[in-house]
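Undergrad:
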């Protein structure tokens, strides 16, 4: 397949980082890999946001459920004002998510992940397939560089990833803000939502964002997908490229990324941009509701807060 430079704009998500720095944590209390807000009861559903996003990106979704699910909403370390953690970022969070499910006795939860959160959801489920009852991916793929260069490997992507990380570390505040605005204009159509996401970016730790982008660029989960046995729904977006890239091209790239996951169903949204839960809430709710009703196990457990 020919090189697809038009998809390089996906890397603009890396520029969501703002100008904030994270205060050092207490020596006696190492920073947590995430903050969790739990509400409702019933079937457990875990919500993981994307790069430099707060868990509040899921607020409307949780409100839609009206307490009928046991919702666990995560804000990841280093993002949206949370203290950062030492590298590596993604392996640490993947392990911590599995530990969280075990520690809280959650029975086969559904994992809902957006963007970077989708990559973490796939990694978690590949690491511990016995823990997860289903995966709902919102506009994410298991290996980002292969969207731009379909023949890419983790090794071939490494020099580019290292260069990108270096460039992100060297950016001035003005450059970060400009890059953030550019990315948000591509992936969010509503100005009010852009402002919310921009504030999250400004409150995120730039080093965490740079490291997360690097790790996402050199981590190829495609060979690990065959270990996933849980039903998986992938809701992708292509309209940010409308007029430049045929829908069929983008859809083929997404489907190719998930060809090793036999339980996956890939559907492309025809109107929503990257933040699908914001762009088309009613359509998103309907699709997620259908998946949960079909695959979320009924939880029978003692709820301990």
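Numbering (this note's numbering), first residue to last: 25 to 329. We treat Cβ as the ideally placed atom computed from N, Cα and C, and that holds for glycine. This structure is a prediction, so every number in the text was calculated from the model and none was measured.
Going by DSSP in three states, residue 274 sits in which element: helix, strand or coil?
TA: To locate residue 274, count along the chain shown from 1; it is residue 250. Of the three classes helix, strand and coil, the one that applies to residue 274 here is helix, per DSSP.
Undergrad: Starting from residue 96 and walking both ways along the alpha helix (DSSP H), at which residues does that stretch end?
TA: Numbered from its first residue, the chain shown carries residue 96 at position 72. Careful: residue 96 lies outside any alpha helix (DSSP H), inside the beta strand (DSSP E) at 93 to 100.
Undergrad: Could you tell me which whole beta strand (DSSP E) segments of length 3 or greater appear in the segment 238 to 268?
TA: Runs of the beta strand (DSSP E) inside the segment 238 to 268: 256 to 261.
Undergrad: Mind checking which residues open and close the alpha helix (DSSP H) that includes residue 125?
TA: Start at 1 with the first residue of the chain shown, and residue 125 comes out as number 101. Per DSSP, residue 125 belongs to the alpha helix (DSSP H) from 114 to 127.
Undergrad: Assign residue 58 to one of three DSSP states: helix, strand, or coil.
TA: Counting from 1 along the chain shown, the entry for residue 58 is found at position 34. Residue 58 falls in the strand class under three-state DSSP.
Undergrad: With a CB to CB cut of under 7 Å and the five nearest residues on each side skipped, what residues in its chain are close to residue 253?
TA: Taking the chain shown and counting its residues from 1, one reaches residue 253 at position 229. The residues are 153, 287.
Undergrad: Ordered along the chain, which non-local residues of its own chain (more than five positions away) have a Cβ less than 8 Å from that of residue 177?
TA: Translated into the one-based positions of the chain shown, residue 177 becomes position 153. If we look at residue 177 and ignore the five residues flanking it on each side, its Cβ neighbours are 244.
Undergrad: Please determine, among 294, 114, 299, the residue with the shortest C-alpha to C-alpha distance to residue 218.
TA: Residue numbering aside, residue 218 sits at position 194 when the chain shown is read from its first letter. It is 299.
Undergrad: In three-state DSSP terms, what is residue 314?
TA: As a first step, residue 314 is located in the chain shown; it is residue number 290 there, counting from the start. Residue 314: helix per DSSP, three-state reduction.
Undergrad: Leaving out five residues on either side along the sequence, give the residues of the same chain with a beta carbon under 7 Å from the beta carbon of residue 61.
TA: As a working mapping, residue 61 is identified with position 37 in the chain shown. Answer for residue 61: 79, 97, listed in chain order.
Undergrad: With a CB to CB cut of under 6 Å and the five nearest residues on each side skipped, what residues in its chain are close to residue 121?
TA: Your numbering for residue 121 matches position 97 in the chain shown. The residues are 148.
Undergrad: Check each candidate in 95, 87, 204 and name the one with the smallest Cα separation from residue 63.
TA: Within the chain shown, numbered from 1, the residue matching residue 63 stands at position 39. Residue 63 has its Cα closest to that of 95, out of 95, 87, 204.
Undergrad: Check whether the segment 272 to 286 and the segment 192 to 205 are in contact - that is, three or more C-beta pairs closer than 8 Å.
TA: No, the segment 272 to 286 is not in contact with the segment 192 to 205.
Undergrad: Would you mind sorting residue 49 into buried or exposed? The rule is 16 or more other CB atoms within 10 Å of its CB.
TA: Here residue 49 is taken as the residue at index 25 of the chain shown, counted from 1. Low local confidence applies: a pLDDT of 43 at residue 49 is under 50, so the model's placement there is unreliable, with the coordinate-based value given in what follows. By the 10 Å Cβ count, residue 49 comes out exposed.
Undergrad: Exposed or buried, which one is residue 162 when buried takes at least 16 other CB atoms within 10 Å?
TA: For the purposes of this step, residue 162 is taken as residue 138 along the chain shown, with counting starting at 1. Burial call: buried.
Undergrad: Could you round the C-beta distance between residue 240 and residue 100 to whole angstroms and report it? I think they count as a contact, below 8 Å.
TA: The sequence position of residue 240 within the chain shown is 216, counting from 1. The sequence position of residue 100 within the chain shown is 76, counting from 1. That pair is no contact at about 12 Å.
Undergrad: Using DSSP with H/G/I as helix, E/B as strand and the rest coil, what is residue 160?
TA: To locate residue 160, count along the chain shown from 1; it is residue 136. Strand, per DSSP.
Undergrad: Which value, in whole angstroms, describes the spacing of the CA atoms of residue 215 and residue 182?
TA: Counting from 1 along the chain shown, the entry for residue 215 is found at position 191. Counting from 1 along the chain shown, the entry for residue 182 is found at position 158. Spanning the two alpha carbons is a distance of roughly 35 Å.
Undergrad: Got a sec? Which residues, its chain only, sit under 8 Å from residue 189 by beta carbon, not counting five neighbours each side?
TA: Here residue 189 is taken as the residue at index 165 of the chain shown, counted from 1. 234, 235, 237, 238, listed in sequence order.
Undergrad: Would you kindly report the start and end of the unbroken beta strand (DSSP E) that includes residue 143?
TA: As a working note, residue 143 is residue 119 in the chain shown. No beta strand (DSSP E) holds residue 143; the alpha helix (DSSP H) holding it covers 140 to 151.
Undergrad: Around the C-beta of residue 295, are 16 or more other C-beta atoms found within 10 angstroms, so that it is buried, or is it exposed?
TA: Position 271 of the chain shown, counted from the start, is the residue given in the question as residue 295. Result: exposed.
Undergrad: Rounded to whole angstroms, how far is the Cβ of residue 53 from the Cβ of residue 224, which I believe are closer than 8 Å?
TA: As a position in the chain shown, residue 53 is number 29, starting the count at 1. As a position in the chain shown, residue 224 is number 200, starting the count at 1. In fact, because the Cβ distance is near 24 Å, the residues do not count as touching under 8 Å.
Undergrad: Which stretch, first to last residue, makes up the beta strand (DSSP E) that contains residue 72?
TA: Locating residue 72 in the chain shown gives position 48, where the first residue counts as 1. 67 to 72 is the span of the beta strand (DSSP E), which, as asked, contains residue 72.
Undergrad: To which residues of the same chain is residue 170 closer than 7 Å at the C-beta, ignoring the five residues directly before and after it?
TA: Position 146 of the chain shown, counted from the first residue, corresponds to residue 170. 176, 281.
Undergrad: Is residue 170 close to chain D, meaning its C-beta is less than 8 Å from at least one C-beta of that chain?
TA: Of the chains in the structure shown, none is chain D; there is only one protein chain.
Undergrad: Using only CA atoms, which one of 83, 310, 173, 144 lies nearest to residue 273?
TA: Locating residue 273 in the chain shown gives position 249, where the first residue counts as 1. It is 173.
Undergrad: Going straight from the alpha carbon of residue 314 to that of residue 307, what length do you get?
TA: Here residue 314 refers to the residue found at position 290 of the chain shown. Here residue 307 refers to the residue found at position 283 of the chain shown. Rounded to whole angstroms, residue 314 to residue 307 spans 11 Å at the Cα level.
Undergrad: How would you call residue 118, buried or exposed, if buried means at least 16 neighbouring beta carbons within 10 angstroms?
TA: Here the question's residue 118 lines up with position 94 in the chain shown. Buried, since its Cβ has 16 or more Cβ neighbours within 10 Å.
Undergrad: Looking only at its chain, what residues have a beta carbon closer than 7 Å to the beta carbon of residue 381, apart from the 5 residues adjacent to it on each side?
TA: With the chain covering only 25 through 329, there is no way to say anything about residue 381.
Undergrad: Among 310, 227, 57, which one has its Cα closest to the Cα of residue 144?
TA: Taking the first residue of the chain shown as 1, we reach residue 144 at position 120. It is 57 whose Cα lies nearest to the Cα of residue 144.
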